[in-house]
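The sequence shown lines up with residues 85 to 842 when you count with this note's numbering.
Even glycine gets a Cβ: it sits at the ideal position worked out from N, Cα and C.
Encoded as structure tokens, the structure appears first; notes follow it.
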Amino acid sequence: MKKINFLGFFLFSYFIATGQNATIKSSIKDVESKVDSVLALMTIQEKVGQLVQYNGSWDLTGPASEMNNKQKEENLKAGKVGAMLNVLSVEATREAQKLVMENSRLKIPLMFGYDVIHGYTTIFPVPLAETASWDLEAMERTAEIAALESAANGINWTFSPMIDVSRDARWGRIMEGSGEDPYLTSKVGVAKIKGYQSEDLSNPQSIAATAKHFAGYGFAEAGRDYNTVNVGDNELHNSILPPFKAAAKAGVATFMNAFNEIDGIPATGHKVLLRDILKKKWNWDGFVVSDWGSIPEMVAHGFARDKSHAAKIALNAGSDMDMEGGAYESSLVDLVKEGEVSQDDINDAVKRVLRVKFKLGLFENPYLYSNPDLLEKIPFEEHTAVARDVARKSIVLLKNEDNLLPIKESVKKIAVIGPLANDKDTPIGNWRAQGEANSAVSLLEGLKNSIDEDVDISYAKGADLAIGERSFLMPLKINETDTSGFAEAIRIASQADLVIMALGEDAFQTGEGRSQVNIGLAGVQQELLKAIHKVNKNIALVLINGRPLEISWASENIPAIVEAWILGSQSGNAIADVLLGDYNPSGKLPVSFPRAVGQEPLYYNQKSTGRPSNPVHVTYSGYTDQKKDALYPFGYGLSYTTFEYGNLKLSKEELIPGNPIEVSVELSNTGDKRGKEIVQLYIRDLVASTTRPVKELKGFKPVILNPGETKTVTFELSEPMLRFYNANETWESEAGKFEVFIGSNSRDLKKATFSLEK
Ligand code: BGC
Numbered sequence: 085m086k087k088i089n090f091l092g093f094f095l096f097s098y099f100i101a102t103g104q105n106a107t108i109k110s111s112i113k114d115v116e117s118k119v120d121s122v123l124a125l126m127t128i129q130e131k132v133g134q135l136v137q138y139n140g141s142w143d144l145t146g147p148a149s150e151m152n153n154k155q156k157e158e159n160l161k162a163g164k165v166g167a168m169l170n171v172l173s174v175e176a177t178r179e180a181q182k183l184v185m186e187n188s189r190l191k192i193p194l195m196f197g198y199d200v201i202h203g204y205t206t207i208f209p210v211p212l213a214e215t216a217s218w219d220l221e222a223m224e225r226t227a228e229i230a231a232l233e234s235a236a237n238g239i240n241w242t243f244s245p246m247i248d249v250s251r252d253a254r255w256g257r258i259m260e261g262s263g264e265d266p267y268l269t270s271k272v273g274v275a276k277i278k279g280y281q282s283e284d285l286s287n288p289q290s291i292a293a294t295a296k297h298f299a300g301y302g303f304a305e306a307g308r309d310y311n312t313v314n315v316g317d318n319e320l321h322n323s324i325l326p327p328f329k330a331a332a333k334a335g336v337a338t339f340m341n342a343f344n345e346i347d348g349i350p351a352t353g354h355k356v357l358l359r360d361i362l363k364k365k366w367n368w369d370g371f372v373v374s375d376w377g378s379i380p381e382m383v384a385h386g387f388a389r390d391k392s393h394a395a396k397i398a399l400n401a402g403s404d405m406d407m408e409g410g411a412y413e414s415s416l417v418d419l420v421k422e423g424e425v426s427q428d429d430i431n432d433a434v435k436r437v438l439r440v441k442f443k444l445g446l447f448e449n450p451y452l453y454s455n456p457d458l459l460e461k462i463p464f465e466e467h468t469a470v471a472r473d474v475a476r477k478s479i480v481l482l483k484n485e486d487n488l489l490p491i492k493e494s495v496k497k498i499a500v501i502g503p504l505a506n507d508k509d510t511p512i513g514n515w516r517a518q519g520e521a522n523s524a525v526s527l528l529e530g531l532k533n534s535i536d537e538d539v540d541i542s543y544a545k546g547a548d549l550a551i552g553e554r555s556f557l558m559p560l561k562i563n564e565t566d567t568s569g570f571a572e573a574i575r576i577a578s579q580a581d582l583v584i585m586a587l588g589e590d591a592f593q594t595g596e597g598r599s600q601v602n603i604g605l606a607g608v609q610q611e612l613l614k615a616i617h618k619v620n621k622n623i624a625l626v627l628i629n630g631r632p633l634e635i636s637w638a639s640e641n642i643p644a645i646v647e648a649w650i651l652g653s654q655s656g657n658a659i660a661d662v663l664l665g666d667y668n669p670s671g672k673l674p675v676s677f678p679r680a681v682g683q684e685p686l687y688y689n690q691k692s693t694g695r696p697s698n699p700v701h702v703t704y705s706g707y708t709d710q711k712k713d714a715l716y717p718f719g720y721g722l723s724y725t726t727f728e729y730g731n732l733k734l735s736k737e738e739l740i741p742g743n744p745i746e747v748s749v750e751l752s753n754t755g756d757k758r759g760k761e762i763v764q765l766y767i768r769d770l771v772a773s774t775t776r777p778v779k780e781l782k783g784f785k786p787v788i789l790n791p792g793e794t795k796t797v798t799f800e801l802s803e804p805m806l807r808f809y810n811a812n813e814t815w816e817s818e819a820g821k822f823e824v825f826i827g828s829n830s831r832d833l834k835k836a837t838f839s840l841e842k
């Protein structure tokens, strides 16, 4: 991976530490008065400085500033920078902080941000995968661990969670979010924020979180990254904004702009979103950071004439900090002098930044997060155990004909085949922070670690997935032709009792700028699968990937399919736990798997048309050459045991505000293994002032049952759950008839009806 380091230059810059900020500290009591007292001391240049963020090192995710390092260093010393990103390690952050603390007039500490997306050193499943666990506690815990490992390395701010609802498997960044459902995404976002930030941001083991990308990024046209988003108010408020509203309510420290425009207005210059909704309506007091260069990018959008115009638009709209865009630093002071940007708006932006810095405890101790002792105390072994546990909880069993899995004792010869079977790097995924290359437990290693000694395991790669250099920056070159490894794979497969095939995507096939028009098994993988299938039908296909894949052929022909995603450091051990039955799979899909890529965007919570398909007109509102629904729907996932749902019981059929209904169902484990089922609750509002989805997730509960055991699972249905952004342009419920559904996925559900009386 290409690294661009410039922070080495900081190392020579030692200065004698002074008693920083003694006057500021002693004269102030609560955060707001502290913020005001600092603001009162600041010149306009110093204020603008707080709104500037510089890149330090690591991979660039966009065009880098042309400014040289020497100039950046001078600007840091002059207090013209408020935050940095990609400055990694205790030493580097300490040196950068020293430049500010020992040279600038007001000694306002820097914040250090980084993309800690699914772990810092210990790598957890990518967010889409982790969401498949539907285990909010586990997701909070992995964020807490990521925060601890980051904080011990000088980082006090992560650009996570990404809570962009995304419905399009072509979009490479679908792996960074929680899938297609606003309710589930909201829950996961809040769990992540709690984990990163803890109760108290000044706890040196927790870090500031970022709700990103505000807003609409996941709705880019045709899944093309950064592209135009054309949604109206109804979609914006009901499908895109709810996770952001939940994040603001949960006290997330910062928001990040999105690169896209929404209905003609770039999100970075979107006053309605930033000022009217986020800051006024939601009353949120953190700060908004731009996405990398998204302020000057408004020039390319055709929304700003030049950098200065872009700075004016962004600041006036409510974007508080310019990430590596160079627009605020070059123009804001003049714009204020010219009256194009008001002092009040600048003050508001600066106060927001200072507020977060105070909350982080940086004014008390600017080196709070640059403490080498913290690193010594990290319980890496414990973190590894958590990584294995959450990884196995994230696995989704898609198919298991004749109970091919878990692997039976009679199986004595296993052939492990596929380009990803012994790949130690792909499970680390994209956005890997400081996860070491090739450090994951591969599937082959995991199996060997756990399987009985009398089982013979042979391995053949069969084919390469990618050729040449793989990196965050370069598009991947897929192997489309080389099948020279097939013969050996076929040979070992024909002698085995069971074949385990690991196919899917390379780590760098998903992530930023990684959109694809084909979402099948890339390169020669499908050909390999078919060739092996010819000689041995007992195949358990393990998918390692970051987006929903088009796997119709496999779904029809391969008896067992395990969706193992990109699972992180403990990938192979976690998959082995599932294949061997040491963990009974319990994951459920957070996103629909299509039958064909042409169905994208595909999501369960669609609207009905005026001509829904029916037994006579099956192609209505669908296709003539393919079914309309998902191959594997949202919420879907099997277990090694079976669950049966009884009929729904409602405590009453009329819901009155303030007087909830209870809806319950009997759930039985009808198989022969203990297992966990994620019981899901959906509703449908049958008639409303703006049309409502055919189903909407409104609750879920994990239920663990022993074989033969039955439990009653009860949900409360209350009026606030029925609210939506309606024709009055406000969140409210509307009286009328509703359907309520409970079941094991968004397709297989028991139904009842009730009405809301108002
Ligand atoms: C991405 C953000 C990320 C930022 C900083 C951008 O290109 O869109 O999600 O946080 O870079 O690395």
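Using the DSSP secondary-structure output, state which residues sit across from residue i in a beta bridge.
| i | result |
| --- | --- |
| I788 | K760 |
| T350 | Reading off the sequence shown, one finds Pro at residue 350, where the question assumed Thr. Per DSSP, E345. |
| N743 | I740 |
| I767 | E780 and V824 |
| T798 | S748 |
| L627 | L587 and E647 |
| Y720 | Bridge partners of Y720: none, in fact. |
| D704 | The question names Asp, but residue 704 in the sequence shown is Tyr. DSSP output for Y704 lists no bridge partner at all. |
| M246 | K296 |
| M168 | Y138 and F196 |
| S839 | E738 and K821 |
| W637 | Note: W637 sits in no beta bridge, so no partner. |
Measuring CB to CB, does residue i end up less than 8 Å from residue j?
| i | j | result |
| --- | --- | --- |
| N641 | A580 | no |
| M168 | L212 | no |
| L504 | A586 | yes |
| T774 | A811 | yes |
| V336 | A293 | yes |
| G140 | A517 | no |
| V122 | G166 | no |
| K164 | A227 | no |
| A499 | I512 | no |
| P193 | V184 | yes |
| K396 | E424 | yes |
| I128 | V356 | no |
| L765 | G783 | yes |
| L527 | I635 | no |
Would you grab the beta carbon distance between residue i and residue j for me? Rounded to a whole angstrom, and I think it's under 8 Å.
| i | j | result |
| --- | --- | --- |
| F298 | G238 | Rounded, the Cβ-Cβ distance is 26 Å, inconsistent with contact. |
| K296 | F243 | 6 Å |
| I650 | P209 | 7 Å |
| S534 | L664 | 6 Å |
| I501 | A573 | 5 Å |
| K477 | S217 | 4 Å |
| L686 | S676 | 5 Å |
| G652 | L481 | Going by Cβ atoms, the distance from G652 to L481 rounds to 19 Å, so no, they are not a contact pair. |
| P559 | I603 | About 16 Å separates the two Cβ atoms, so there is no contact after all. |
| S828 | Y729 | 7 Å |
| V315 | F328 | Actually they do not touch by this definition, with Cβ atoms about 14 Å apart. |
| S282 | K443 | With a Cβ gap of about 12 Å, S282 and K443 do not count as contacting. |
| P791 | T725 | 7 Å |
| F825 | K785 | Actually they do not touch by this definition, with Cβ atoms about 14 Å apart. |
| V470 | R225 | 6 Å |
Can you check whether the C-beta of residue i is within less than 8 Å of a C-beta belonging to chain D?
| i | result |
| --- | --- |
| G595 | Any reference to chain D falls outside this structure, which holds one protein chain only. |
State yes or no: is the C-beta of residue i nearer than 7 Å to some heavy atom of ligand 2?
| i | result |
| --- | --- |
| H385 | Here the bound small molecules are ligand 1; ligand 2 is not part of this structure. |
What are the complete beta strand (DSSP E) segments, minimum 3 residues, inside the stretch 266-339? Fully enclosed beta strand (DSSP E) runs of 3 or longer: 294-298.
Ordered list of alpha helix (DSSP H) runs contained in the stretch 527-556, each at least 4 residues: 527-534
Restricting to runs no shorter than 4 residues, where is the alpha helix (DSSP H) found entirely within the stretch 185-230? Counting whole runs of 4 or more residues, the stretch 185-230 contains the alpha helix (DSSP H) stretches 211-215.
Taking only runs that begin and end inside the stretch 371-437, name each unbroken alpha helix (DSSP H) of 4 or more residues, in chain order. 381-384, 391-401 and 411-421
Unbroken stretches of the beta strand (DSSP E), 3 residues or longer, contained in the stretch 427-515: Runs of the beta strand (DSSP E) inside the stretch 427-515: 480-484 and 497-501.
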